[in-house]
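Since the structure comes first, as structure tokens, the remarks are kept for the end.
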Amino acid sequence: MLEIKNLHVKLEEEDKVILKGVDLKIGPGEVHAIMGPNGSGKSTLSYVLSGRDGYEVTDGSATLDGQELLEMEPEERAAAGLFLAFQYPVEIPGVGNMTFLRTAVNAQRKARGEEELSAGDFLKVVREKAKALKIDAEMLKRPVNVGFSGGEKKRNEILQMAMLEPRMCILDETDSGLDVDAMKLVSDGVNALRSEGRSFLVITHYQRLLDHIKPDVVHIMAAGRIIKTGGPELALEVETNGYADILGEVG
Amino acid sequence: MALASVKETALAARLACLPMQDGAGWLAVARTQALARLTAMGLPAKRDEYWRYTDPATLNAPEAAPAARFDPGDEAPAFDGIDRLKIVFVDGVFDAGASDDLAMAGVEIERLSRAGSVDIHWAQGLYGVLEARGQSPVQRPFAALNTAYATDGLLIRVTGQAARPIALIYVHKSETSDAILHHCIKVEAGAELTLLESGPAAARFTKVVEVEVADGGRFHHIRVQGRDHERRAATHLFARLGADALFKSFTLTANGRLTRNEAVIELTGRDARAHVAGAAVGDGDFHHDDTVFVTHAAEACESRQVFKKVLKNGATGVFQGKILVKPGAQKTDGYQISQSLLLDEDSQFLAKPELEIYADDVKCSHGSTSGAIDETALFYLQSRGVPRAAAQALLVLAFLAEAIDEVEDEAIAEDIRGRLEGWLARHAAKAQA
Ligand SMILES: Nc1ncnc2c1ncn2[C@@H]1O[C@H](COP(=O)(O)OP(=O)(O)O)[C@@H](O)[C@H]1O
Ligand SMILES: [Mg+2]
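Residue numbers (this note's numbering), protein chains in the order written: chain A, 70 to 320; chain B, 765 to 1197.
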């Protein structure tokens, strides 16, 4: 599904290298987790994959089903099936959440040569999916993320994911700022989407989320590299000992 | 040359090219008085404080610079789907053949040229009267010129609930036309009218609309200014409101080489409400000026000024807006916002927001901002699969929303949004080519 090879990234505006050779391969239906200390480059990786400006790829590649992602516009990556749940979801004053969702869904359908959803069909699907995430009609009407609490923003990300049905989902610290109940809602939302043809890359600071969304593979990232890869037990090790041991071990 | 003589010379040259409007009756008197006002002030000069941001040269010029007509292709005319009474002017001349019958329940409509020659007419109390009041504290020479030389116009008296909106459609035909129109509208107590205006009118268009809204009357004005790229316009809207009266005006401007829209509004009765709003989009050699003066002369009135401009490829936006609260106008609620969205670094927005308050128990706020498109929001939309141009259009419409929201009629608001979407799509495509 997603294959990242020797990815090197620096900031466009300064001579600061952030990713220093990332290799990662995620098969169909797999759930991978990336853990790592703050500032290790996790968010940068997710932004570069989804095509945000401001970064320069100096080496390496990233492909989705063999298609080179790094050459595409962000909207083309989305149409190809990539989705990023933002660590900091963006507020868009003046654009209603519902309009935003409908515009996104129909833009992707159009890009794939499918017919646009009728207003009625769209409404039905949104209501159903929103309900599962405890997103009420009021939240759907409000401008995108404006005045939403931290937890509401994260649930809204998962709603977008559920509506767009991407094949490769990247979740960047979707658990941060969530209380126990919200964490459960979000994880249930993610788990409901798990399927053979859909893969996940879950970026998190804490093992907590991985109790709910069980990963197949866990990677530890530090200073722009993946320094260790293992099974779910690696997450537990981090939980008990912190990153210090692993960092020391690798040198 | 001293400023005064520059103005006089400009005026003499301009007047030499204007046909004197003959006639007797009350209108001739009003015209003579306006000419005296105009002669005393002369035409504006770039050095005038009120014309600091907008060069009046092409408005002063004796003849209109040629302006090619714009081909809208298969685009529907403005307000096409709205049931309305249509009145057409071609290059500033009433076109009876293209217009509907000037008869409608709740409204009396007359042509200025006919009504002007009688001895006594209700419009005597309005024609040139609000314009003259609006000459202080700031001079508006083109308005006085208009009163003196208007070649056509309508006198509309609204006595009840107008059955349908009146739509004034301004067709531009000749590439060198120079139209001067003057309308007077009197909304009697408790009556209500919606006035729609659309079209470029002429290569150069000078217009005055004087509106008196009596106690409890309601006046809605929605205007879509013509898209001819080279057209120039100086328009004035003078309004006086009685107690509990409502006045709402919204203008959409796309394209046009030069547009100066002045609105001069006086709230003279308790609890009157006046809203003026504008959305302007300009690409390239586009200069758009909104100059607004709202006077609170009575207690507990509300006024709102909401002006938004989207500018690209070197377009210029100007806003000069004032709220004057007179002594005794307690409980005034005044709001003013002017904002521009600059889509590139070549475009500019010049704003002069002013408050002048002589009462102590008032609530007045004003704000003016100028900013670029939010790149983070753009990326967020793109990451959800929305193509960049469509994402930009969505954000631009969101930016304009507060102004468009001033249009109460949802069908008309939707017409405006659709028009803007079309414009944005066309102009996004052009930028990429
Ligand atoms: N646009 C940017 N400008 C400046 N520094 C940045 C930018 N993006 C990332 N960085 C820096 O790159 C490093 C990695 O950041 P990030 O990818 O956010 O890490 P993580 O998500 O693992 O906490 C940090 O030192 C951060 O300050
Ligand atoms: Mg991060």
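Yeah, the Cβ is synthetic: ideal placement off N, Cα and C, and Gly gets one too. The structure displayed is predicted, hence computed values, not measured ones.
(request) Ignoring anything shorter than 4 residues or poking outside the segment 862–917 of chain B, list the alpha helix (DSSP H) runs there in chain order. (result) 876–879, 893–897 and 905–913
(request) Tell me the start and end of each unbroken beta strand (DSSP E) in the segment 1032–1082 of chain B that is at least 3 residues and wholly inside, in chain order. (result) 1037–1047, 1051–1060 and 1066–1076
(request) Write down every uninterrupted run of the beta strand (DSSP E) in the segment 134–198 of chain A whose length is 3 residues or greater and which is fully enclosed by it, in chain order. (result) 151–154 and 161–165
(request) Closer than 9 Å, Cβ to Cβ, to anything on chain A: give me those residues from the segment 1149–1167 of chain B, in chain order. (result) Gly-1149, Val-1150, Pro-1151, Arg-1152, Ala-1154, Ala-1155, Leu-1158, Leu-1159, Leu-1161, Ala-1162, Phe-1163, Leu-1164, Ala-1165 and Glu-1166
(request) Would you tell me roughly how many angstroms separate the C-alpha atoms of Leu-80(A) and Val-126(A), rounded to the nearest one? (result) The count along the first sequence starts at 1 and reaches residue 80(A) at position 11. The count along the first sequence starts at 1 and reaches residue 126(A) at position 57. The straight-line gap from Cα to Cα measures roughly 9 Å.
(message) Any beta carbon from chain A within less than 8 Å of Phe-1083(B)'s own beta carbon?
(response) In the second sequence, counting from the first residue as 1, residue 1083(B) sits at position 319. It does not; no Cβ of chain A falls within 8 Å.
(request) Can you check the segment 251–295 of chain A for any alpha helix (DSSP H) of at least 4 residues that lies completely inside it and give the ranges in chain order? (result) 277–281
(request) Kindly indicate which residue of Ser-187(A), Gly-258(A), Asn-75(A) and Asp-280(A) has the alpha-carbon position closest to the one of Lys-203(A). (result) Taking the first sequence and counting its residues from 1, one reaches residue 203(A) at position 134. Measuring from the Cα of Lys-203(A), the nearest candidate turns out to be Gly-258(A).
(request) Look at the Cβ atom of His-1052(B), then the Cβ atom of Val-1082(B), and state whether they are nearer than 8 Å. (result) The sequence position of residue 1052(B) within the second sequence is 288, counting from 1. The sequence position of residue 1082(B) within the second sequence is 318, counting from 1. Against a cut-off of 8 Å, the Cβ pair of Val-1082(B) and His-1052(B) comes out as a contact.
(message) Under DSSP, the beta strand (DSSP E) around Val-1160(B) begins and ends at which residues?
(response) Position 396 of the second sequence, counting from 1, holds the residue named residue 1160(B). It is not in any beta strand (DSSP E) - Val-1160(B) instead sits in the alpha helix (DSSP H) that spans 1152–1168.
(request) Please classify Ala-1018(B): does DSSP put it in a helix, a strand, or coil? (result) The residue given as residue 1018(B) occupies position 254 in the second sequence. It is a strand residue.
(request) Under 8 Å Cβ to Cβ from Asp-1179(B), same chain only, skipping five residues before and after it: list those, please. (result) Within the second sequence, numbered from 1, the residue matching residue 1179(B) stands at position 415. The residues are Ala-842, Phe-843, Asp-844, Gly-845 and Ile-846.
(message) Considering only the alpha carbon of each residue, which of Gly-856(B), Val-1040(B) and Ala-788(B) lies closest to Asp-1169(B)?
(response) By one-based count along the second sequence, residue 1169(B) stands at place 405. Cα-wise, what sits closest to Asp-1169(B) is Val-1040(B).
(request) Count the CB pairs spanning the segment 1076–1090 of chain B and the segment 1117–1136 of chain B that are closer than 8 Å, and state whether there are at least three. (result) yes
(message) Check whether chain B comes within 8 Å of Glu-83(A), counting only Cβ atoms and requiring the distance to be less than that.
(response) Reading the first sequence from its first residue, position 14 is the one you call residue 83(A). By this cut-off, Glu-83(A) is not an interface position.
(message) Under 8 Å, Cβ to Cβ, is there at least one residue of chain B near Gln-177(A)?
(response) If you number the first sequence from 1, residue 177(A) lands on position 108. Chain B, which has a Cβ nearer than 8 Å to the Cβ of Gln-177(A), makes this yes.
(request) From the DSSP output, in three-state form, read off Gly-96(A) for me. (result) What you label residue 96(A) is simply residue 27 of the first sequence in a count that begins at 1. Residue state, collapsed to three classes: coil.
(request) For Pro-836(B), write down the residues that DSSP places opposite it in a beta bridge. (result) As a position in the second sequence, residue 836(B) is number 72, starting the count at 1. DSSP output for Pro-836(B) lists no bridge partner at all.
(message) How far does the alpha helix (DSSP H) with Val-307(A) in it extend, from its first residue to its last?
(response) Locating residue 307(A) in the first sequence gives position 238, counting from the first residue. Segment 302–310, the alpha helix (DSSP H) holding Val-307(A).
(request) With a threshold of 7 Å, establish whether the CB of Lys-850(B) neighbours any heavy atom of ligand 2. (result) Counting from one through the second sequence, the residue named residue 850(B) turns up at place 86. Lys-850(B): no, Cβ never under 7 Å from ligand 2.
(message) At the level of alpha carbons, what is the spacing between Leu-305(A) and Gln-276(A)?
(response) As a first step, residue 305(A) is located in the first sequence; it is residue number 236 there, counting from the start. As a first step, residue 276(A) is located in the first sequence; it is residue number 207 there, counting from the start. Between Leu-305(A) and Gln-276(A), the C-alpha separation is close to 7 Å.
(message) Nearer than 7 Å: is that true of the beta carbon of Glu-242(A) relative to any heavy atom of ligand 2?
(response) Stepping through the first sequence from its first residue, residue 242(A) is reached at position 173. Yes - ligand 2 has a heavy atom lying nearer than 7 Å to the Cβ of Glu-242(A).
(request) Identify the continuous alpha helix (DSSP H) that holds Tyr-934(B) and give its terminal residues. (result) Indexing the second sequence from 1 puts residue 934(B) at position 170. Taken as a continuous stretch (DSSP letters only), Tyr-934(B) belongs to no alpha helix (DSSP H), being part of the beta strand (DSSP E) at 930–935.
(request) Check each candidate in Ala-908(B), Glu-1166(B), Tyr-1122(B) and Phe-969(B) and name the one with the smallest Cα separation from Lys-937(B). (result) Looking up residue 937(B) in the second sequence gives position 173. With distances taken between Cα atoms, Lys-937(B) lies closest to Phe-969(B).
(message) Quick check on DSSP: helix, strand or coil for Arg-1148(B)?
(response) Taking the first residue of the second sequence as 1, we reach residue 1148(B) at position 384. In the structure shown, Arg-1148(B) sits in coil (DSSP, three-state: anything other than H, G, I, E or B).
(request) Find out if the Cβ-Cβ distance for the pair Ala-1043(B), Leu-959(B) is shorter than 8 Å. (result) One-based indexing of the second sequence puts residue 1043(B) at position 279. One-based indexing of the second sequence puts residue 959(B) at position 195. Result no, Cβ atoms of Ala-1043(B) and Leu-959(B) do not sit closer than 8 Å.
(message) Please state whether the Cβ-Cβ distance between Arg-795(B) and Pro-826(B) is less than 8 Å.
(response) Counting from 1 along the second sequence, the entry for residue 795(B) is found at position 31. Counting from 1 along the second sequence, the entry for residue 826(B) is found at position 62. Cβ atoms of Arg-795(B) and Pro-826(B): not closer than 8 Å.
(message) So Gln-1146(B) contacts chain A; which residues on that side make the cut at Cβ distance below 8 Å?
(response) As a first step, residue 1146(B) is located in the second sequence; it is residue number 382 there, counting from the start. Neighbours of Gln-1146(B) on chain A, chain order: Gly-120, Glu-142, Pro-143, Glu-144 and Ala-147.
(request) Under the assumption that Ala-914(B) contacts His-946(B) (Cβ atoms under 8 Å), give the Cβ distance between them as a whole number of angstroms. (result) In the second sequence, residue 914(B) corresponds to position 150, counting from 1. In the second sequence, residue 946(B) corresponds to position 182, counting from 1. Confirmed, about 3 Å.
(message) Between Thr-1140(B) and chain A, is any beta-carbon pair separated by less than 8 Å?
(response) In the second sequence, the residue the question calls residue 1140(B) occupies position 376. With 8 Å as the cut-off, Thr-1140(B) counts as an interface residue toward chain A.
(request) Please classify Asn-75(A): is it buried, with 16 or more other beta-carbons within 10 angstroms of its beta-carbon, or exposed? (result) Position 6 of the first sequence holds residue 75(A). Exposed.
(request) Confirm, please, whether the CB-CB distance from Cys-1065(B) to Ala-1093(B) is below 8 Å. (result) Here residue 1093(B) refers to the residue found at position 329 when the second sequence is read from its first residue. Here residue 1065(B) refers to the residue found at position 301 when the second sequence is read from its first residue. A contact, by the Cβ cut-off of 8 Å.
(request) Please compile the residues from chain B whose C-beta is within a distance smaller than 7 Å of the C-beta of Gly-163(A). (result) Walking along the first sequence from the start, residue 163(A) turns up at place 94. The answer, in chain order, is Ala-1162, Phe-1163 and Ala-1165.
(message) The alpha helix (DSSP H) that contains Leu-228(A), what's its start and end?
(response) Numbered from 1 along the first sequence, position 159 holds the residue referred to as residue 228(A). Segment 219–233, the alpha helix (DSSP H) holding Leu-228(A).
(request) Could you name the residues whose beta carbon sits closer than 6 Å to any heavy atom belonging to ligand 1, keeping them in chain order? (result) Leu-80(A), Ile-87(A), Gly-105(A), Asn-107(A), Gly-108(A), Ser-109(A), Gly-110(A), Lys-111(A), Ser-112(A), Thr-113(A) and Gly-123(A)
(message) Strictly below 9 Å CB to CB, what residues from chain A border Phe-1143(B)?
(response) The residue you call residue 1143(B) lines up with position 379 of the second sequence. Tyr-116, Ser-119, Gly-120, Arg-121, Asp-122, Pro-143 and Val-159, listed in chain order.
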